[in-house]
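Asks: Mind looking over this structure? Questions follow.
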Amino acid sequence: MDFTQSLRRMSVRQIAQQVLSFLLILASALMIWKGLAVVTNSESPIVVVLSASMEPAFQRGDLLFLALDNEPIRAGDVVVFKVNGKDIPIVHRVLWLHDDESTGKQYLLTKGDNNPVDDRGLYNPGQMWVHREDIVGKVQGFVPYVGMVTIALNDYPQLKYALVGLLGIFVLFSKDE
Amino acid sequence: MYSLSQRANAVLALAVTVACVVAAIAAAIGPLLSTVSPIELATPKIAVKRTSIERGRLGSYYNHHSQVVELGIVKFDLEADLRPLFTWNTKQLFVYLVAEYETEKHRWNQVTIWDDIITHKDDALISFRDKRAEYPLTYVENVVNGIKANLTLHWNTVPVVGLMLNDRMGSRLSNRYSTPVLASVQFGKKK
């Protein structure tokens with residue numbers, strides 16, 4: 022009853038203002054995310070660990086901060102990379118690398134700490150190495166457990182819609198007096 | 031003015047803020063302490079017992095059609111005391127032995143031949159003899175004969191919260207510990 026009453030009391034202008042402030046929040050969140058991507062030189066500067074292949078270092082649900090500097094990648098770096106053609110980023114450690122100085126190409130082999138074998142089974146068939154172009158970023162630091170929210174949202178998409186719907190209702194019906 | 035939802039909101043906001051500040055302080059203390067009082071480590075001892083070249087397939091777990099390549103097998107002794115690296119903010123220590131070498135076509139090559147995960151401070155006293163390397167030394171061009179490699183010990187400190195730190199001993203890339211080469215390995219005869 023309260024909702025419909027307050028809705029009738031609002032003019033079109035007020036509703037438009039509320040929608041605008043909502044969009045402003047979305048836009049500033051997007052700006053912060055993209056700004057972070059520029060500063061760290063990585064297209065996805067914060068990722069969530071999805072699998073247990075790097076245990077006990079990274080548990081499922083940890084948040085990782087990535088950055089990609091101009092330093093060459095060295096063996097032992099924990100990197101996040103994407104196999105050409107596959108969407109899912111993988112966070113594993115670089116096991117072997119060979120730098121070709123003439124072409125500037127780096128041949129990298131990765132392996133998850135908790136996996137018994139290296140990642141060649143995860144690469145495309147016939148692919149033996151990944152290269153620097155496949156690397157999204159090097160792991161610089163991390164925060165445990167915080168990423169569980171993303172995993173919950175991914176596993177239960179209804180939660181995503183419910184959350185956005187709730188937020189929308191609160192923003193639209195909060196009166197600024 | 032003091033409804034239940036507002037009180038819950040205030041409590042949650044305070045809790046999240048406090049958690050963030052505590053995490054930031056914990057993350058910052060580690061690097062600060064290490065610059066103020068750097069950790070002193072004894073030089074680890076590596077002795078190469080035996081090197082051999084075998085022929086085998088790589089990645090045979092998944093890829094049954096890979097070609098037969100030359101593999102360099104190393105047997106070594108390792109003695110290292112890494113216990114000082116374990117602080118209250120250390121979750122685990124990832125220790126790995128890297129063979130670094132240079133060839134004409136590729137100026138810089140690093141092959142990890144052994145790695146280990148250490149989660150307790152007492153396990154950080156490493157000492158074993160005649161250990162066969164976990165991974166063979168290989169090369170992109172699939173020929174290992176004639177390669178001379180330097181063995182260096184690296185470690186990766188994974189904190190409970192904060193920045194990850196990589197460090198090494200006995201490497202040409204050494205930044206803090208400039209010690210001479212720990213051990214070197216020669217496969218086959220120099221051409």
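Taken in order, these protein sequences are the chains called A and B. Taking the working numbering, the leading residue of the first sequence gets 22, the next gets one more, and so forth. Taking the working numbering, the leading residue of the second sequence gets 31, the next gets one more, and so forth. Glycine included, each C-beta is placed from N, C-alpha and C at the ideal position.
(1) What did DSSP end up calling T117/B once you bin it into helix, strand or coil?
(2) Pull up the CB-CB distance for G162/A and F86/A, whole angstroms please, since I reckon it's below 8 Å.
(3) Taking Cβ-Cβ distances shorter than 9 Å, what residues in chain B pair up with G162/A?
(4) Could you check how far apart the C-beta atoms of N119/B and Y131/B are, in whole angstroms? I think they sit under 8 Å.
(5) What does DSSP give as the partner residues of F158/B in its beta bridges?
(6) Under a three-way DSSP split, which group does I109/A fall into?
(7) Are any of the Cβ atoms in chain A nearer than 7 Å to that of R113/B?
(8) Which residues in chain A sit within 8 Å of I147/B, going by Cβ to Cβ distance?
(9) What are the start and end residues of the beta strand (DSSP E) that includes A96/A?
(10) What's the call for R34/A, buried or exposed, on a 16-neighbour Cβ count within 10 Å?
(11) Considering T149/B, what are the terminal residues of the beta strand (DSSP E) in which it resides?
(12) Using a Cβ-Cβ distance cut-off of 7 Å, determine whether Q36/B contacts chain A.
(13) Looking at L183/B: is its Cβ nearer than 7 Å to the Cβ of L127/B?
(14) Count the CB pairs spanning the segment 157-170 of chain B and the segment 105-124 of chain B that are closer than 8 Å, and state whether there are at least three.
(15) Select from the segment 113-130 of chain A all residues with a C-beta closer than 7 Å to any C-beta belonging to chain B, and list them in chain order.
(16) Residues of the segment 92-110 of chain A with a CB closer than 9 Å to any CB of chain B: list them in chain order, please.
(17) Please state the DSSP three-state secondary structure of A48/A.
(18) Count the other CB atoms, across all protein chains shown, that sit within 10 Å of the CB of I143/B; report buried if there are 16 or more and exposed otherwise.
(19) Please report the distance separating the alpha-carbon of Q127/A from that of D98/A.
(20) What whole-angstrom Cβ distance do S63/A and G125/A have, given they're in contact under 8 Å?
(21) Please name the residue, chosen from D146/B, V174/B, A154/B, H150/B, that lies closest to E134/B on a Cα-to-Cα basis.
(22) May I ask you to list, following chain order, the residues of the segment 115-147 of chain B that have a beta carbon less than 9 Å from some beta carbon of chain A?
(23) Indicate the three-state DSSP secondary structure (helix, strand or coil) for P189/B in the structure shown.
(24) By DSSP's criteria, R114/A is part of a beta bridge. Which residues make up the other side?
(25) Under DSSP, the alpha helix (DSSP H) around V151/A begins and ends at which residues?
(26) Along chain A, in chain order, which residues have C-beta atoms closer than 7 Å to that of H184/B?
(27) Does the distance from the CB of V115/A to the CB of A96/A come in under 7 Å?
(28) How many Å lie between R80/B and L181/B at the Cα?
(29) I need the DSSP call for T47/B, collapsed to helix, strand or coil.
(30) Near Q122/B, which residues of its chain fall below 7 Å by C-beta distance, leaving aside the five closest residues on each side in sequence?
(31) To be precise: take each residue of the segment 44-67 of chain A, compare its Cβ to all Cβ atoms of chain B, and keep it if any distance is under 8 Å. Which residues remain?
(32) Can you tell me whether DSSP reads N196/B as helix, strand or coil?
(33) Check whether the Cβ of A49/B lies closer than 7 Å to any Cβ atom in chain A.
(34) Is the Cβ of V173/B closer than 7 Å to any Cβ of chain A?
(35) Which bits of chain A does V170/B rub up against, with CB to CB less than 7 Å?
Replies: Short version:
(1) Indexing the second sequence from 1 puts residue 117/B at position 87. Residue state, collapsed to three classes: coil.
(2) As a working mapping, residue 162/A is identified with position 141 in the first sequence. As a working mapping, residue 86/A is identified with position 65 in the first sequence. Confirmed, about 5 Å.
(3) The residue labelled residue 162/A in the question sits at position 141 within the first sequence. Going along chain B in sequence order, the residues near G162/A (Cβ under 9 Å) are A57, P189, V191, G192, L193, M194.
(4) Position 89 of the second sequence, counted from the first residue, corresponds to residue 119/B. Position 101 of the second sequence, counted from the first residue, corresponds to residue 131/B. About 35 Å; that fails the 8 Å criterion.
(5) Position 128 of the second sequence, counting from 1, holds the residue named residue 158/B. L108/B, per the DSSP bridge assignment.
(6) As a working mapping, residue 109/A is identified with position 88 in the first sequence. If DSSP states are grouped into helix, strand and coil, I109/A belongs with coil.
(7) In the second sequence, the residue the question calls residue 113/B occupies position 83. Chain A contact via Cβ: absent.
(8) Here residue 147/B is taken as the residue at index 117 of the second sequence, counted from 1. P77, A78, D134, listed in chain order.
(9) Position 75 of the first sequence, counted from the first residue, corresponds to residue 96/A. That residue, A96/A, is in no beta strand (DSSP E); it is neither H nor E in DSSP.
(10) Sequence index remark: in the first sequence, residue 34/A carries index 13 (1-based). Exposed, because fewer than 16 other Cβ atoms sit within 10 Å of the Cβ of R34/A.
(11) Stepping through the second sequence from its first residue, residue 149/B is reached at position 119. Run containing T149/B: none; DSSP gives neither H nor E here.
(12) By one-based count along the second sequence, residue 36/B stands at place 6. Q36/B does not count as touching chain A.
(13) Mapped onto the second sequence, residue 183/B falls at position 153. Mapped onto the second sequence, residue 127/B falls at position 97. Result yes, Cβ atoms of L183/B and L127/B sit closer than 7 Å.
(14) yes
(15) L116, W117, L118, H119, D120, D121, E122, Y128
(16) P93, R95, A96, G97, D98, V99
(17) Counting from one through the first sequence, the residue named residue 48/A turns up at place 27. A48/A falls in the helix class under three-state DSSP.
(18) Taking the second sequence and counting its residues from 1, one reaches residue 143/B at position 113. Buried is the call here.
(19) As a working note, residue 127/A is residue 106 in the first sequence. As a working note, residue 98/A is residue 77 in the first sequence. Those two C-alpha atoms are separated by around 14 Å.
(20) Here residue 63/A corresponds to residue number 42 of the first sequence, with the count starting at 1. Here residue 125/A corresponds to residue number 104 of the first sequence, with the count starting at 1. Between G125/A and S63/A the Cβ distance is about 19 Å, and since that is not below 8 Å, they are no contact.
(21) For the purposes of this step, residue 134/B is taken as the residue at position 104 of the second sequence. When each option's Cα is compared against that of E134/B, the closest is V174/B.
(22) K121, Q122, F124, Y126, V128, E130, T133, K135, H136, R137, W138, N139, Q140, V141, T142, D145, I147
(23) For the purposes of this step, residue 189/B is taken as residue 159 along the second sequence, with counting starting at 1. Note: P189/B maps to strand in three-state DSSP.
(24) Residue 114/A sits at position 93 when you count from the first residue of the first sequence. Paired residues: V99/A, K132/A.
(25) For the purposes of this step, residue 151/A is identified with residue 130 of the first sequence, where counting begins at 1. It is not in any alpha helix (DSSP H) - V151/A carries neither H nor E in the DSSP assignment.
(26) Numbered from 1 along the second sequence, position 154 holds the residue referred to as residue 184/B. Under the 7 Å cutoff, chain A gives G97.
(27) In the first sequence, residue 115/A corresponds to position 94, counting from 1. In the first sequence, residue 96/A corresponds to position 75, counting from 1. Against a cut-off of 7 Å, the Cβ pair of A96/A and V115/A comes out as a contact.
(28) Residue numbering aside, residue 80/B sits at position 50 when the second sequence is read from its first letter. Residue numbering aside, residue 181/B sits at position 151 when the second sequence is read from its first letter. Rounded to the nearest angstrom, the two C-alpha atoms are 14 Å apart.
(29) Working through the second sequence from its first residue, we reach residue 47/B at position 17. T47/B falls in the helix class under three-state DSSP.
(30) Walking along the second sequence from the start, residue 122/B turns up at place 92. Same-chain partners within the cutoff: I147, I148, T149, V188.
(31) none
(32) Numbered from 1 along the second sequence, position 166 holds the residue referred to as residue 196/B. Reduced to three states, the DSSP call for N196/B is strand.
(33) Counting from 1 along the second sequence, the entry for residue 49/B is found at position 19. No, because no Cβ of chain A sits closer than 7 Å to the Cβ of A49/B.
(34) Residue mapping note: residue 173/B aligns to position 143 of the second sequence, counting from 1. Not one chain A Cβ lies under 7 Å of V173/B.
(35) Working through the second sequence from its first residue, we reach residue 170/B at position 140. Within chain A, the residues near V170/B are H119, Y128.
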